[in-house]
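Presented below is the structure to which this report refers.
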Amino acid sequence: MLIMAGLGLYDEKDLTLKTLENAKKADKIYAEFYTAILTGTTLEKIEETLGKKVNVLDREKVEYETEQLIEESKEKNIMFLTAGDPMVATTHVDIAVEAKKKGIEVIIINAPSIYSAIGITGLQIYKFGKTTSIVFPEPNYFPETPYNVIKDNLSLGYHTLCLLDIHAHENKFMTANEGLQVLLDIEKRREEKLLSEDTKVLVVARAGSLKPKLVYGKIKDLIKQDFGAPLHSIIILGNLHFMEEEALEILAENV
Ligand SMILES: C[S@@+](CC[C@H](N)C(=O)[O-])C[C@H]1O[C@@H](n2cnc3c(N)ncnc32)[C@H](O)[C@@H]1O
């Protein structure tokens, strides 16, 4: 059997009883931390809570050597853990599909995710368009996809959840400040007038902790803020319902 479970957003207390119960049954537990991490805990604390050793796999192992994980699941109960929800903004559906095709039983256990964390902002999930990811620009690689997604969403009045790049092997996590700068740089290069330094957006840092940081304000002010430890996300706001406006005023820090 293959049990694909989420670790939740912030610390080991996000683990569900279902995951804990299934961990007891598992012969071996694997995890990956390249799609997201939990910054409020350590691997040791997670292992202590699960009562088992966790074998951490890198991207190469998960994406190119999936066979091994699937083969092991034929004979044993294998648990595969991911920060957040195992199926949200990951490519792990591949693993579930391949395992199922081979006749292996697959159980998926959901967990708190950056998607469900939208709840803490008071914004309505119905009012979100497509999600996008902002990646670290490189000399010959400066994708404008996030800008195009934001543009399409804004044309329909929808909000955009912008996930930020992670280079876990280098312990490098894009900050909301860097993400906002990338968007302004694209804007400047394209000479368009979609976003400006005066556009008001929302930054969400460390969702899932009991004291997440939610900051609402103009890009020019947010870009100078210190949002603290990762992980961060940015929400570009479409047309706000009056209840969303009130929620941002009351639930978020306004700068
Ligand atoms: C590739 S997505 C993976 C999402 C994960 N599977 C989930 O369900 O939450 C990772 C990105 O989501 C955002 N994110 C994840 N956890 C977060 C948190 N606790 N607070 C703010 N943003 C978070 C960050 O932008 C991060 O780089």
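Heads up: the sequence shown begins at 7 in the working numbering, then just goes up one per residue. Even for Gly, the Cβ is constructed at its ideal location relative to N, Cα and C.
The closest heavy atom of ligand 1 lies less than 8 Å from the beta carbon of residue 170. Counting only runs of 3 or more residues that sit fully inside the stretch 109 to 134, the beta strand (DSSP E) segments are 112 to 115, in chain order. The Cβ neighbour count for residue 119, taken over all protein chains shown within 10 Å, is at least 16; the residue is labelled buried. For residue 140, the closest of 79, 217, 187 and 132 by C-alpha to C-alpha distance is 187. Ranked by Cα distance from residue 190, the first of 182, 181, 202 and 180 is 202.
In the structure shown, residue 141 falls within a coil segment according to DSSP collapsed to helix, strand and coil.
Approximately 40 Å separates the beta-carbon atoms of residue 113 and residue 245; this is outside 8 Å, ruling out the contact. In the structure shown, the three-state DSSP call for residue 213 is coil.
By the beta-carbon neighbour count (other beta carbons within 10 angstroms, threshold 16), residue 33 is exposed.
Burial state of residue 163 is exposed, judged by a 10 Å Cβ sphere holding fewer than 16 other Cβ atoms.
Runs of the alpha helix (DSSP H) lying entirely within the stretch 170 to 244, each at least 4 residues long, are 182 to 196 and 225 to 228 in chain order. Contact holds between the stretch 232 to 252 and the stretch 156 to 171, because three or more Cβ pairs, one in each stretch, are under 8 Å apart.
Residue 156 and residue 138 do touch by the CB rule: their CB atoms are close to 7 Å apart, below 8 Å. Shown here, residue 76 sits in a helix according to DSSP, grouped into three states. Taking C-beta atoms as the reference points, residue 174 and residue 45 fail to come closer than 9 Å. Nearest C-alpha to residue 75 among 154, 252, 217 and 108: 108. Just measuring C-alpha positions, the residue of 193, 172, 123 and 11 sitting nearest residue 91 is 11. When the five nearest sequence neighbours on each side are left out, the beta carbons in the same chain lying within less than 7 Å of the beta carbon of residue 47 are those of 17 and 18, in order along the chain.
Look at residue 256 here: in three-state DSSP terms it is helix. The shortest CA-to-CA distance from residue 128 to any of 41, 220, 55 and 24 is the one to 220. With respect to the C-alpha of residue 65, the residue from 97, 84, 50 and 58 having the closest C-alpha is 97. By the criterion of a C-beta distance shorter than 8 Å, residue 232 is surrounded by no residue of its chain, once the five residues flanking it on both sides are discounted. DSSP, read as helix, strand or coil, puts residue 22 in coil.
Note on geometry: alpha-carbon atoms of residue 134 and residue 207 lie some 14 Å from one another.
Within the same chain, and ignoring the five residues on either side of residue 153 in sequence, the residues whose Cβ sits closer than 6 Å to its Cβ are 192.
By the CB criterion at 9 Å, residue 117 and residue 13 fall inside the cutoff.
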